[in-house]
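Protein chains in written order, with our numbering: chain S, 394 to 848; chain X, 301 to 767.
Backbone N, C-alpha and C fix where the C-beta goes; we use that ideal spot for every residue, glycine too.
None of the values given here were measured: they were computed from a predicted structure.
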Amino acid sequence: MLDERMIGERSEFIATKGKQKQSLKCDADSIAGCVSQRACVYCGARVVLNPITDAIHLVHGPVGCASYTWDIRGSLSSESEMYRNSFSTDLKEQDVIFGGEKKLAASLDELVEKYKPELVFVYATCIVGVIGDDLTAVCKAAEKRHGIKVIPVQSSGFAGNKSAGYRAACDALLQLIAAAEGKGAALKEKNCINYLGEFNLAGEAWIIANYLREMGVSINVAFTGDATYRRLKTARQATLNIMQCAGSMHYLAGKMQEKYGIPYLQVSFLGLEDTAASLRSIAKALQDETAAQKAEALIQREEGKAKAAIDYYRQKLLGKKAAVYVGGGFKAISLIKQFREIGIEVVMIGTQTGRQEEYDAINRLVADGTVILDDANPAELERFMVEQGAHLLVGGVKERPLAYKLGVAFIDHNHDRKHPLSGFAGAVNFAAEVYATVCSPVWSYVKEQGGGCSE
Amino acid sequence: MNDELKHCRNVNENPCNMCMPMGGILALKGIESSMVILHGSQGCSTYMRRHIAEHFNEPVDVASSSLNEKGTIYGGESNLKQAIDNVRKVYEPKLIGILNTCLAETIGEDVERIADSYSAQQDAASPLLVSAATPGYGGSHAEGYFFTLRRIVEQLAEPVERHSKVNIILPNLSPADIREIKRILQLLQVDYILYPDISDTLDRPFLPRYTKLAQGGTPLADIKAMSGSVATIQMGMTVEDKYSPGQYLADAFGVPLYNIPLPIGLKNTDLFLECLQQQAAAQRVPLELQQERGRLLDGMIDSHKYNFQKRSVIFGEPEIVYAVAKTCLENGLFPVVIATGSKTTRLDALLRSELAASPDECTILNETDFAAIRQTAKEAEAVIAIGHSDGRYLEERQGIPLIRLGFPIHDRVGGQRLLSVGYRGTAVFLDRITNTLLEKRQKNYRRSLYETFYQEATEERRGDQCD
Ligand code: SF4
């Protein structure tokens with residue numbers, strides 16, 4: 394499987410369905426010098442918490458970390474725009490030598506005075522972990538001083554990979570939920586659910602909320618898409634947690650079940666099949682016959698409309714081959730099914746943070762000969778896209794130029810996209826986008842010039 | 301003119317700059333057959349790759365030594381060496397630039413020693429290793445850029461025989477700009493070493509075969525020979541000596557240094573040509589360039605009324621900001637805010653004399669953020685902004701249209717194709733500004749004239765009738 398320009402240690406992270414028996418290695422730190430597509434602990438934490446719209450997200454560290462993460466995500470808000478700012482304590486050499494606690498405390502004072510927030514997240518970056526600032530103590534003191542919630546997020550970049558950041562974010566959320574004591578905090582309402590692992594990219598949480606509303610189910614709070622401090626505090630009121638992005642929220646869902654007795658259900662709203670199945674399973678989990686009937690009506694209506702639209706694209710796309718490289722395993726699984734709906738077979742699939750069970754599920758779903766990889770790098774993506782004859786890559790911004798340079802079409806399925814891909818509406822968008830890129834006239838000129846890796 | 305507003309707050313609110321290693325990567329991308337390793341945790345490289353890829357729409361491979369907890373506590377030497385091994389295997393580069401990030405610098409990693417000890421065990425064919433300490437807290441990406449260039453010449457340049465080439469040292473420009481500068485050099489028949497050169501590496505043509513390392517970049521042999529050039533022309537008026545590659549060549553090898561502004565604007569381009577003429581085989585400015593100058597001037601006349609006294613905000617890397625400010629002054633787009641996220645002592649001094657001629661008060665913001673820029677721009681009633689995409693809130697929230705220039709451009713396509721230097725580039729750049737102002741005017745003049753002269757008057761008339 395490896396040629397001389399591949400890195401030996403990476404071989405355990407790559408498998409071909411049907412060829413090898415041993416399962417894929419995953420959930421390990423990236424290997425030095427491999428040009429991993431992954432980011433760091435801080436990235437994981439920031440991705441999860443940033444959609445909380447009325448919070449101040451303060452990055453404790455040098456300015457770079459804050460600069461690269463400023464308003465790059467497509468999460469939408471129905472109210473506050475506070476989350477779209479990027480605040481940094483902007484540590485300088487002196488602070489690194491003498492410690493940054495004083496500056497952090499002063500920063501918090503300044504921000505509270507200027508914006509009067511109710512909630513502040515303070516993210517630790519690499520050097521904060523090294524210089525040993527006591528984030529928890531500084532945050533606690535600020536909480537006391539100002540009577541607001543100041544939550545430390547332990548996200549030093551080197552302390553693991555992106556998954557560790559998810560965990561740090563979940564810990565921060567748990568602190569927040571636990572702190573919301575008092576009356577009403579645990580009052581359970583009927584058909585009132587939390588939606589975990591949904592970040593309201595391009596308004597996707599709103600799309601799903603509309604479906605659920607039609608079924609007589611209301612979303613108490615989405616974690617963390619379009620969430621506010623006020624809503625998050627009520628998380629314990631829900632009777633059920635539905636969980637979309639398992640990579641980031643599995644831990645939180647488990648903890649909420651354990652602590653507050655809220656059961657959880659894995660859902661996916663990518664593609665027609667998963668969307669319909671998820672709506673059905675929510676009604677079932679709520680043991681609500683009316684909701685189930687309403688779900689059926691909704692599915693019939695929306696699926697019908699969507700299928701008619703998608704069918705047009707399916708005709709054009711039949712027989713094309715796709716490569717997928719996304720953040721989490723959950724999304725990868727859905728994408729395989731969704732591609733089938735539009736007549737496309739996935740021939741290469743990988744994730745940044747997929748878990749063992751997810752890779753097993755992927756392995757069951759794909760056809761023989763499909764290449765599966767964990768924590769891939771550009772060299773591997775290039776090689777397998779070419780070898781597998783992919784017409785299309787699904788990925789994020791970093792992967793896009795590589796696909797284009799190889800003459801391969803591209804779909805952005807990252808957090809920065811500006812168009813919804815969830816639910817029935819999203820499924821149509823997805824098919825339309827695949828069509829727009831795969832069937833663009835540009836590839837004919839590429840082919841004419843002798844480029845492009847597919848026939 | 302106001303005194304510089306000191307950045308005396310504790311929070312940076314919406315950064316106007318990036319960190320040192322980012323600049324280092326951009327510099328290294330302009331070196332032939334090179335790869336970059338960021339010594340630190342995985343995130344730095346991924347975030348920077350994303351930023352660069354989005355601006356240039358090019359694959360940007362940057363490795364990381366992926367330091368984890370263990371490496372952070374016990375030292376990252378083995379991680380770094382493993383990273384070098386792996387990068388060599390996959391990319392086969394001729395040079396590997398190792399940039400120390402925040403993390404590595406704070407735990408005291410001696411990259412130079414590690415690189416030396418690695419190289420000592422290798423044969424002659426192994427890649428050159430150069431290192432630069434670029435902690436994120438040490439400066440902005442602009443400083444990181446020049447410092448990395450300086451470190452590369454420090455480590456590569458050797459005493460060589462004098463030759464007739466001129467070193468041209470560039471700040472962080474678009475590939476289109478660099479190609480324009482090359483064209484001018486060719487027209488003037490100047491024998492040059494362009495350093496660095498991302499014109500091909502970060503703006504590759506579509507080719508039938510993809511290569512992991514792009515063709516192009518400054519040849520290593522050229523960098524080695526920079527010590528023997530007749531002169532260095534460095535577009536680095538704002539660059540401090542400790543970061544200045546040109547200054548190093550002057551100090552260590554006696555290569556005369558001409559520090560000039562970026563050739564954006566009529567006068568700045570004149571200066572560039574004058575400077576080149578002294579070094580060039582063709583002493584006269586070729587007809588082609590003379591005509592381009594004439595056309596630019598013609599274009600300036602075409603637009604002058606639309607631009608005059610339109611208060612501008614300019615922000616970004618010091619070198620770009622300086623050249624753009626001069627260009628704005630030339631065209632009556634008087635700057636009211638000039639801002640950079642970098643810390644520079646030179647920008648102020650340089651601009652003070654230039655701004656003396658402006659009828660408007662101008663605030664110069666050093667080491668600033670966008671909260672300060674927006675506030676100051678609002679108070680000064682600026683109508684147009686010039687700078688990179690991170691200034692988009694000026695447009696979104698203040699209604700000040702943004703002319704995108706510099707790095708990063710991440711909310712539009714074609715950052716790599718933006719042309720703004722030379723007479724030709726300036727003309728296009730100026731048109732971009734003028735047309736934006738015209739668009740604003742054309743959108744609004746009917747309504748505004750209707751509201752002021754018709755609606756108000758009608759209301760008064762109605763009032764009359766009632767009486
Ligand atoms: S500021 Fe430091 S830790 Fe942050 S991205 Fe820059 S080098 Fe990396």
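Run down chain X in chain order and give the residues with a C-beta less than 8 Å from the C-beta of residue i.
i: residue 470(S); result: Simply none; closest approach about 14 Å.
i: residue 839(S); result: 506
i: residue 842(S); result: 506 and 508
Taking Cβ to Cβ, would you say residue i is nearer than 7 Å to residue j?
i: residue 466(S); j: residue 805(S); result: no
i: residue 662(S); j: residue 674(S); result: no
i: residue 545(X); j: residue 450(X); result: yes
i: residue 555(S); j: residue 436(S); result: yes
i: residue 794(S); j: residue 353(X); result: yes
i: residue 438(S); j: residue 548(S); result: yes
i: residue 430(X); j: residue 397(X); result: yes
Identify the contact partners of residue i in chain X, using a Cβ-Cβ distance below 7 Å as the criterion.
i: residue 810(S); result: None at all; the shortest Cβ gap to chain X is about 13 Å.
i: residue 485(S); result: 437
i: residue 795(S); result: 359
i: residue 504(S); result: 311
i: residue 431(S); result: 342 and 346
Give the secondary structure of residue i by DSSP, where H, G and I count as helix, E and B as strand, and everything else as coil.
i: residue 464(X); result: coil
i: residue 747(X); result: helix
i: residue 399(S); result: coil
i: residue 543(S); result: strand
i: residue 687(X); result: strand
i: residue 733(S); result: helix
i: residue 310(X); result: coil
i: residue 669(X); result: strand
i: residue 600(X); result: helix
i: residue 317(X); result: coil
i: residue 539(X); result: coil
i: residue 445(X); result: helix
i: residue 662(X); result: coil
i: residue 418(X); result: helix
i: residue 635(X); result: strand
i: residue 470(X); result: coil
i: residue 714(S); result: strand
i: residue 498(X); result: coil
i: residue 644(X); result: coil
List the residues of chain S that residue i touches, going by C-beta distances under 9 Å, in chain order.
i: residue 367(X); result: 425, 519, 550 and 551
Which first and last residues belong to the beta strand (DSSP E) in which residue i is found?
i: residue 616(S); result: 611 to 617
i: residue 322(X); result: That residue, residue 322(X), is in no beta strand (DSSP E); its alpha helix (DSSP H) goes 320 to 328.
i: residue 348(X); result: Premise fails: residue 348(X) lies in the alpha helix (DSSP H), 342 to 356, not in any beta strand (DSSP E).
i: residue 339(X); result: 334 to 339
i: residue 360(X); result: Unbroken run through residue 360(X): none, as it is neither H nor E.
i: residue 398(X); result: 395 to 400
i: residue 516(S); result: 512 to 517
i: residue 408(S); result: 407 to 409
Under 9 Å Cβ-Cβ, which residues of chain X neighbour residue i?
i: residue 482(S); result: 310, 311 and 312
For residue i, go through chain S and note every residue whose CB falls closer than 7 Å to its CB, in chain order.
i: residue 407(X); result: 523
i: residue 639(X); result: Within 7 Å Cβ-Cβ: nothing; residue 639(X) doesn't reach chain S, min ~15 Å.
i: residue 315(X); result: 456, 459, 460, 463, 479 and 481
i: residue 390(X); result: 398, 400 and 772
So residue i is in the alpha helix (DSSP H); what residue range does that whole segment cover?
i: residue 508(S); result: 494 to 508
i: residue 563(S); result: 555 to 572
i: residue 817(S); result: 816 to 831
Quick one: which chain S residues come within Cβ less than 8 Å of residue i?
i: residue 382(X); result: 424, 425 and 426
i: residue 349(X); result: 791
i: residue 362(X); result: 428
Extract the residue ranges of the alpha helix (DSSP H) inside the region 764 to 808 of chain S, only unbroken runs of 4 or more that lie entirely within it.
Counting whole runs of 4 or more residues, the region 764 to 808 of chain S contains the alpha helix (DSSP H) stretches 771 to 780 and 793 to 798.
For the region 422 to 502 of chain S, which segments carrying the alpha helix (DSSP H) assignment without a break, of at least 4 residues, lie completely within its bounds, in sequence order?
DSSP runs (the alpha helix (DSSP H)) wholly in the region 422 to 502 of chain S: 434 to 442, 456 to 461 and 486 to 491.
Contiguous alpha helix (DSSP H) assignments of at least 4 residues, all confined to the region 634 to 680 of chain S
Runs found: 639 to 653 and 665 to 678.
Can you list the alpha helix (DSSP H) stretches of 4 or more residues lying completely in the region 555 to 601 of chain X, in chain order?
If we require 4 residues or more, the alpha helix (DSSP H) runs fully inside the region 555 to 601 of chain X come out as 566 to 579.
Can you list, in chain order, the stretches of the beta strand (DSSP E) that have 3 or more residues and sit fully within the region 695 to 749 of chain X?
The qualifying runs are 702 to 704.
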